[in-house]
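A short worksheet on the structure shown next.
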Amino acid sequence: MLSPGFSEVNKDMKIEGRVWKFGDHVDTDLIIPARYLNVSEEKELAKHCFVDVRPDFVKEVQTGDVAVAGVNFGCGSSREHAPWAIKAAGIDVVIAKSFARIFYRNAFNIGLPILESEEAPEQIKEGDRLSIDLSTGAIVDLAGGMCFFARPIPDFMRTILRSGGLVQYLKNSKTSAGGHSSV
Amino acid sequence: MATSMTITEKILASHAEKGAVSPGELIEVKVDLALANDITAPLAIGVFEELGTKRVFDPEKIALVPDHFVPNKDIPSAQQARIMMEFARRHSIKHYFEPGDSGIEHVILPEKGLVLPGDLVIGADSHTCTYGALGAFSAGVGSTDLGAIMATGRTWLKVPATIKLVFKGRLRPWVGGKDLILHTMGQLGVDGAVYKTLEFSGEVVRELSMDQRFTMANMAVEAGAKSGIFEPDDITRAYVSQRSPREGQYLTSDREAVYQRTIIINVEQMEPQVALPHSPDNVHPVSQVDQVPLDQVFIGSCTNGRIEDLRVAAKLLKGRTVARGTRLIVIPGSPLVYKKAIQEGIVEILLDAGAVIGPPCCGPCLGGHMGVLAEGEKALSTTNRNFVGRMGHPKSEVYLSSPALAASSAVLGRIGSPDDL
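If you read the sequences in order, they're chains U and V. Residues in the first sequence are numbered from 32 upward in steps of one, following the working numbering. Residues in the second sequence are numbered from 29 upward in steps of one, following the working numbering.
Pasting the structure below:
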């Protein structure tokens, strides 16, 4: 059922950025507290990303940076505002040992690449620079030269990611099927 | 011979129009009810409109419930609620509810008979798993998924493996569904059931009321689970038959069904449980918890805002008063719960005890309004999450418990069991 490869994600999806390190069980209230959910615009949401846990994050994050975390990243609420806030703040990819179910689904749906690796978050340190190849799942820590390989992305999720998210995926399949898509 | 399946696999198979499904399989299912609230609907509506679909898949199979920040707490949240209201009007959404008719989504949908055993419900709210109490499959998703469902009436799911929880023994006084699920959280951990479903079974849950089952299914997501489910029985039938003209599908798990794990929990010695800051799996029996002084106690939410929860609280608060220096906030989960509480004299008991009663909504559970905590404040709450900053200031602390323990603690002004009164 699941394809072992990454090769079709996107041939040019290479990312290089600085690491923001987080711990285990980073919940969606930490990513974006509910008191800021009275708006839906992603740029507004991004202003409060990680505000309670890393108040310096929003000021210092740069486009292309990478978030690296432990287990169960994104647990708690189903709020899609969480991956949107991360993406709009400039984070290009989240690497974690594991993700909570709804966050995992949401991230693919909105086109935020996420990678699962047991080993990488153990070794990678805050402030390291990483070079990531989404097409192969290779993560290189430029600080020490270590290389890790992320767990393969399931086939179906890869198709969604390649389309840039669920909306575009559905639009594409609508055009090709000439009617309502079957998701 | 037919494949043996769990109740969850049977519901998924029938909605995927397949003879059988097994864990790990990706399936496409038809959705019986799609749900969103005032926080998640605006994003989902944006997605729906971006897809360019002219009509929703079925205006009778979508529920839009304003409950998180209503009555509107500020101008931006008023705008959000308005986006949802205008969409509901434009698409003639049958199950859109205005405050007055509305309450907490997971309290009012079962109350109005909109979910039946065997249904498949997908909601843009993580506590959508609540409907498993009725023997339905229900799971939370994000707004993009929900927007797509509003357009197509279908979605994809990965069939979850099932963890069976068997509760044995007899419950002690003041111990109920909330204590069972908190104890389970302590056993499983916040990622103990990621991508799994929890099947609640055993002699203890067979005797639990629907309100207590809702409380338990509600918190399945706190262990990372996709869903939680009870096999529907006569208690379920008695609840739904007076609420809906539809007949549900009363499915059970096959004797030979495959479970990923079976966990047996003996409840004989179980005390009231408390989840300490800052995680719902940081659970301890009340006798091992410090007598923490409390600034606020909250009774309500999709976990414990039903009539039985208020009855238990009233039983303990009758003739007693809330401790000086502690605020008690009670929010009935729906107008119907509120009305029953008035009819049964519960509201008067609560007011005499010194509680403040809010209009049906999510209230302070997610730190939005109606009881936000200040820096350093400590609260005991009957809700489902006690993450950092969940109910207000990032330096406030939230403890989770049952309504019984919340009521006794409000009187004591500190965490304490009904036996301490």
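Glycine residues also receive a C-beta, built at the ideal position from the N, C-alpha and C atoms. Owing to the predicted nature of the structure, the values given are computational and were not obtained by experimental measurement.
Taking only the alpha-carbon atoms, compute the straight-line gap between residue i and residue j and give it to the nearest angstrom.
i: V/F165; j: V/F242; result: 13 Å
i: U/K52; j: U/G158; result: 8 Å
i: U/F88; j: V/E425; result: 23 Å
i: U/G209; j: U/L201; result: Confidence at U/G209 is low in this model, with a pLDDT of 42, below 50, so its placement is unreliable and no value can be given for it.
i: V/D147; j: U/V102; result: 32 Å
i: U/F134; j: V/G128; result: 33 Å
i: V/A434; j: V/I374; result: 16 Å
i: V/I111; j: V/T68; result: 11 Å
i: V/F115; j: V/I90; result: 12 Å
i: V/K122; j: U/Q199; result: 29 Å
i: V/G404; j: U/N137; result: 33 Å
i: V/V358; j: V/V384; result: 6 Å
i: V/E139; j: V/L63; result: 15 Å
i: V/G361; j: V/T331; result: 9 Å
i: V/G444; j: U/E147; result: 43 Å
i: U/A65; j: V/N412; result: 14 Å
i: V/L378; j: V/G204; result: 21 Å
i: U/G195; j: U/K118; result: 13 Å
i: V/D261; j: V/Q270; result: 15 Å
i: V/G256; j: V/T81; result: 32 Å
i: V/A245; j: V/G252; result: 12 Å
i: U/G36; j: V/A109; result: Any reading at U/G36 must be qualified, since the residue scores a pLDDT of 37, below 50, and its modelled position is unreliable; no value is offered.
i: U/N203; j: V/V75; result: 15 Å
i: V/E45; j: V/M33; result: 15 Å
Assuming contact is defined by CB atoms lying nearer than 8 Å, are residue i and residue j in contact in what I supplied?
i: U/L161; j: U/E47; result: yes
i: V/E126; j: V/Q240; result: no
i: V/I55; j: V/L40; result: yes
i: V/G141; j: V/V268; result: yes
i: V/L322; j: V/A407; result: yes
i: V/P387; j: V/V400; result: no
i: U/V97; j: U/I126; result: yes
i: V/P313; j: V/A432; result: no
i: U/H79; j: U/A113; result: no
i: V/K451; j: V/G52; result: Here chain V covers residues 29 to 449 and nothing more, so residue 451 of chain V does not appear.
i: U/D83; j: V/G417; result: yes
i: V/I206; j: V/S437; result: Checking the sequence shown, residue 206 of chain V turns out to be Lys, not Ile. No, the Cβ-Cβ distance between V/K206 and V/S437 is not below 8 Å.
i: V/V98; j: V/C389; result: yes
i: V/L440; j: V/A351; result: yes
i: U/V124; j: U/P144; result: yes
i: V/S329; j: V/T410; result: yes
i: V/V84; j: V/S130; result: no
i: V/A189; j: V/Q277; result: no
i: U/E111; j: V/S315; result: no
i: U/I155; j: U/V50; result: yes
i: U/D55; j: V/F415; result: no
i: V/E227; j: V/S281; result: yes
Just curious, the alpha helix (DSSP H) that residue i is in, first and last residue?
i: V/R339; result: I335 to L345
i: U/F187; result: D186 to S194
i: V/R117; result: I103 to R118
i: V/Q10; result: Since the first and last residues shown for chain V are 29 and 449, residue 10 of chain V lies out of range.
i: U/F88; result: F88 to E91
i: V/L216; result: G205 to L216
i: V/V439; result: P431 to L440
Could you give the first and the last residue of the continuous beta strand (DSSP E) run that contains residue i?
i: V/Q301; result: Q301 to A303
i: V/P313; result: V311 to P313
i: U/F179; result: M177 to F180
i: V/D129; result: Unbroken run through V/D129: none, as it is neither H nor E.
i: U/D164; result: R160 to D164
i: V/N294; result: R289 to N294
i: V/A381; result: V/A381 -> not in any beta strand (DSSP E); alpha helix (DSSP H) instead, spanning I374 to A381.
Between residue i and the ligand ZN, is there a pair consisting of the residue's CB and a ligand heavy atom that are separated by less than 7 Å?
i: U/L68; result: Among the components modelled here there is no ligand, and therefore nothing to report on the ligand ZN.
task = Identify each residue in the stretch 136-165 of chain V for which the Cβ-Cβ distance to at least one residue of chain U is less than 9 Å, and report them in chain order.
result = Listed in sequence order: G151, A152, D153, S154, H155 and T156.
query = Which residue spans inside the stretch 118-151 of chain U form an unbroken alpha helix (DSSP H) run of at least 4?
reply = Taking only runs of at least 4 residues, the alpha helix (DSSP H) segments lying wholly in the stretch 118-151 of chain U are 132-141.
ask   = Whole alpha helix (DSSP H) runs in the stretch 30-98 of chain V with 4 or more residues, listed along the chain?
value = Entirely contained in the stretch 30-98 of chain V, the alpha helix (DSSP H) runs reaching 4 residues are, in chain order, 35-43 and 69-79.
ask   = For the stretch 51-64 of chain U, which residues have a beta carbon sitting closer than 9 Å to at least one beta carbon of chain V?
value = For the stretch 51-64 of chain U, the residues whose beta carbon sits under 9 Å from a beta carbon of chain V are, in order, D55, H56, D58, T59, D60, L61 and P64.
query = Using a Cβ cut-off of 9 Å, which residues of the stretch 104-131 of chain U contact any Cβ in chain V, in chain order?
reply = The residues in question are C106, G107, S108, S109, R110, E111, H112, A113, P114, W115, S129, F130 and A131.
query = Which residue spans inside the stretch 222-262 of chain V form an unbroken beta strand (DSSP E) run of at least 3?
reply = Within the stretch 222-262 of chain V, complete beta strand (DSSP E) segments of at least 3 residues are found at 224-229 and 255-258, given in chain order.
key: Contact list for the stretch 416-444 of chain V against chain U, Cβ threshold 7 Å   = Of all residues in the stretch 416-444 of chain V, only V416, G417, R418 and P422 come within less than 7 Å of chain U when Cβ atoms are compared, listed by chain position.
key: Interfacial residues, the stretch 175-186 of chain V to chain U, with Cβ spacing under 7 Å   = Near chain U, meaning a CB-to-CB distance below 7 Å, the residues of the stretch 175-186 of chain V are A176, T180, R182, T183 and W184.
Residues, ordered as in the chain, of the stretch 182-195 of chain U that lie near chain V by beta-carbon distance below 9 Å = Those would be P185, D186 and F187, in chain order.
query = What residues in the stretch 64-75 of chain U bring their beta carbon closer than 7 Å to a beta carbon of chain V?
reply = Taken in chain order, the members of the stretch 64-75 of chain U whose beta-carbon sits within less than 7 Å of a beta-carbon on chain V are P64, A65, R66, L68, N69, V70 and S71.
ask   = In chain order, what residues of the stretch 108-120 of chain V put their CB closer than 9 Å to some CB of chain U?
value = Contacts with chain U (Cβ-Cβ distance below 9 Å) from the stretch 108-120 of chain V involve Q108 and I111, listed in chain order.
ask   = Looking at chain U, which residues of the stretch 59-72 of chain V have a Cβ within less than 8 Å of any of its Cβ atoms?
value = Those would be I67, T68, P70 and L71, in chain order.
query = Going along the chain, which unbroken runs of the beta strand (DSSP E) with 3 or more residues stay wholly within the stretch 387-436 of chain V?
reply = List check, beta strand (DSSP E) in window: 406-409 and 425-428.
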